[in-house]
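Colleague:
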Amino acid sequence: MADETPVGLVAGTEDSTPLLFNVALAPEQYLQLDDVVMTKRTVPGFGEVVTAGVVTEVRARHEGATFGSDVFLIHDGVLPAQVQEIAEVTTTRVEPECYVPPMPGARAYRATGEERSRALYFDKMDRKVPVGLGRDGEPVYVNLEFLDGTRGGHVSISGISGVATKTSFALFLLYSIFRSGVLGKRSVNAKALVFSVKGEDLLFLDQPNARLDGPDGDDLRAAYAQVGLSAAPFASAGFFAPPTPDDLTGRPHVTGRTSGVTAFWWTLAEFCADELLPYAFADAEDERNQYTMVIHQVTARLRREHIPLDDGAVQIEGQVLRTYDQLVEFVSDRLTDEDARRDWAGPVTGTGTVNAFLRRLRSSLKPLRSIVRGDLTDVPARRVSTDGQQLTVVDLHNLPERAQRFVVGVVLTAETARKESAGPGGLLFTMIDELNKYAPREGSSPIKEVLLDIAERGRSLGIILIGAQQTASEVERRIVSNSSVKVVGRLDPAEAGRPEYGFLPPSQRARATLAKPGTMFVSQPEIPVPLAVEFPFPAWATRLSEISGPIVSANGSGASNGSGGGGAPAARRDPFARLPATPTDDDAPF
């Protein structure tokens, strides 16, 4: 029920409209931003009409003062005046739907309990996902139907790096979806795929945060209990990382966590058979570049001519290729040979176009040579897959930016194809940080096309994109516009003025430029006004220092922090393997 004590009266000095009205606060009463307020009016033929809304601005002034210096006279009691506070309320719900303005002088109440739920449409949400606490200390929810593809899908999260806590909020949202019980039986087939580009912070999501056992542990558990969740790490998680460069054992390239992490790579046979060459070019589909024709010609030729060998190596036109460097050199030889060029580049392709292609192909050697291999022992576990665990983390921070785009594009393409063949029965939440790198507003690429495909028809396949970026203005418009839920943390003042943030009222745009970490503004289709929420501190470890004991993997194996066995092929590394060979007939040096 609403608070029985009115906080004030609907102001008569300001115009009241069905969508915006003002409340003059009574003495000893207050309203702060984001409070939920309701007022009533009797309308002939409709009966009692309740108008509810959210406080979007609060003003205080001296009534009776004319000049700025009058405040001193009023303070000294020389000039009579009265302090008056007026709160601006933006309407969120009118029940029944008779859109008439609140009457001046009508009592206004702070909405609590069921009245608050009605004002914010929580009573209409059959499946509610808690996303944090409002300014009044009560839970705030997002309708799952706008997250799982039923009525909408996709989430866009924007804010300054390091301050807006975009990744932390996205992980809390996933945790809430999986652990709140809102999915019901669907939770069995619900998965999450997370691409990590900022250090090894996301390699410890299955480990409890040391704060849970510290002096703040009770407060942290209480914060989760307020939103109906238990404070615990992700129960089912798998981790992938690229192999260590120049290491033929296939160890994952990580330092903080060396147990429970699996190395991933693609074999040369997969590179040729699955036509992965276009993903090695960031601007492959730019129509202004004629060398894109050569890309598709070479890709088709590799698919037709390659013969798979053991451990992912290939044989093409009689040559055995075991490394990406050898593959690039082979293609370069064919394109520079006058007789072979016609078959590999096309009959009318000029030398300048071929050279442009070769320059870009050779520039991919350093980024891709560690993840496109034919010289490692092939094991099924190296394939990035969401099978076997609910949360899959793909660590990319040790890869160059070009290789990161390659991995994101290839993995998403494979997951999209898998979902298309499996049907829309399950859900796959895909979390991508720095989305502006993979789907920039200008230009085009195979990776951008994959993300556009997910944004435009992914919800019908059960693929939901959770994209985080510093600047939504630099992300492809169609991806942002297809996001049903928009979340904003701390914003740069220049960025806050962009039209992509038009869903924020002016007061919230200003507040977003000084929001503290952990505070987010959540906009969803059912509620006309974005809601400010604060979400709890992560209950899972976000760095090695936040783990109090040994790392225990999902399979129960433990290893002390910073040491232990990796999840890569169990081959023993030879410490002398990289030393130059010496003749066996040399005399001993002593």
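Mapped onto this note's numbering, the consecutive letters of the sequence shown carry residue numbers 1082 to 1671. Here a beta-carbon is modelled for each residue, glycine too, at the ideal position from N, C-alpha and C.
(1) For the putative contact between S1237 and G1548, defined by C-beta atoms under 8 Å, what is the C-beta separation to the nearest angstrom?
(2) Just the Cα atoms here: how many angstroms apart are S1261 and G1490?
(3) Are three or more beta carbon pairs between the segment 1286-1297 and the segment 1265-1272 nearer than 8 Å?
(4) How long is the line joining the alpha carbons of E1166 and V1091, rounded to whole angstroms?
(5) Identify every run of the beta strand (DSSP E) within the segment 1346-1432, keeping only runs that are complete inside it and at least 3 residues long; order them along the chain.
(6) So, helix, strand or coil for G1639, using DSSP?
(7) Does D1157 come out as helix, strand or coil in the three-state DSSP assignment?
(8) Output the distance between the C-alpha atoms of S1277 and T1432, rounded to the nearest integer angstrom.
(9) Classify Y1111: buried if its beta carbon has 16 or more other beta carbons within 10 angstroms, exposed otherwise.
(10) Identify which residue in Q1550, M1512, F1438 and A1498 has its Cα closest to the Cα of L1472.
(11) Out of curiosity, what's the CA-to-CA distance linking H1478 and G1427?
(12) Straight-line CA distance for Q1550 to E1419?
(13) Going by the CB atoms, is the gap between T1552 and E1576 shorter than 7 Å?
(14) Please classify K1279: does DSSP put it in a helix, a strand, or coil?
(15) Find out if the Cβ-Cβ distance for the pair W1346, R1382 is shorter than 7 Å.
(16) Based on Cα-Cα distance, which residue from Y1256, P1161, E1095 and Y1190 lies nearest to T1132?
(17) Alpha carbon to alpha carbon, how far is T1594 from K1209?
(18) At 3 residues or longer, what runs of the beta strand (DSSP E) sit wholly inside the segment 1552-1613?
(19) Give a yes or no on whether the C-beta atoms belonging to A1361 and S1445 are separated by under 7 Å.
(20) For R1384, collect the residues of the same chain with a Cβ closer than 7 Å to its Cβ; drop the 5 residues on either side in sequence, then sort them by chain order.
(21) From P1611 to V1118, what distance separates their C-alpha atoms?
(22) How long is the line joining the alpha carbons of C1179 and T1173, rounded to whole angstroms?
(23) Counting only the same chain and skipping the five closest in sequence on each side, list residues whose C-beta sits under 7 Å from that of R1267.
(24) Taking the C-alpha atoms as reference points, what is the distance between G1647 and F1321?
Modeller: In this structure, then:
(1) About 6 Å separates the two Cβ atoms, so the contact holds.
(2) Cα to Cα, S1261 sits roughly 31 Å from G1490.
(3) Here the segment 1286-1297 does not lie against the segment 1265-1272, with fewer than 3 beta-carbon pairs under 8 Å apart.
(4) In a straight line, the C-alpha of E1166 is about 12 Å away from that of V1091.
(5) As summarised for the segment 1346-1432, the continuous beta strand (DSSP E) elements at least 3 residues long and confined to that stretch are 1395-1397 and 1400-1402, given in chain order.
(6) With a pLDDT of 44 at G1639, under the threshold of 50, the modelled position of this residue cannot be trusted, and the question is left open.
(7) D1157: coil per DSSP, three-state reduction.
(8) Those two C-alpha atoms are separated by around 40 Å.
(9) Classification for Y1111: exposed.
(10) If we check each option's Cα against that of L1472, M1512 comes out closest.
(11) C-alpha of H1478 to C-alpha of G1427: approximately 38 Å in a straight line.
(12) Spanning the two alpha carbons is a distance of roughly 47 Å.
(13) Yes.
(14) K1279: coil per DSSP, three-state reduction.
(15) Judged by their CB atoms, W1346 and R1382 are not nearer to each other than the 7 Å cut-off.
(16) For the residues Y1256, P1161, E1095 and Y1190, the minimum Cα distance to T1132 belongs to Y1190.
(17) The alpha-carbon of T1594 is positioned some 29 Å away from that of K1209.
(18) The qualifying runs are 1566-1569 and 1600-1605.
(19) Closer than 7 Å, so yes.
(20) Cβ within range, chain order: C1353, A1354 and E1356.
(21) C-alpha separation (whole angstroms): 15 Å.
(22) For C1179 and T1173, the distance between alpha carbons rounds to 13 Å.
(23) Around R1267: L1508.
(24) For G1647, the predicted model reports a pLDDT of 43, less than 50, meaning its position is unreliable and no value from the coordinates is stated.
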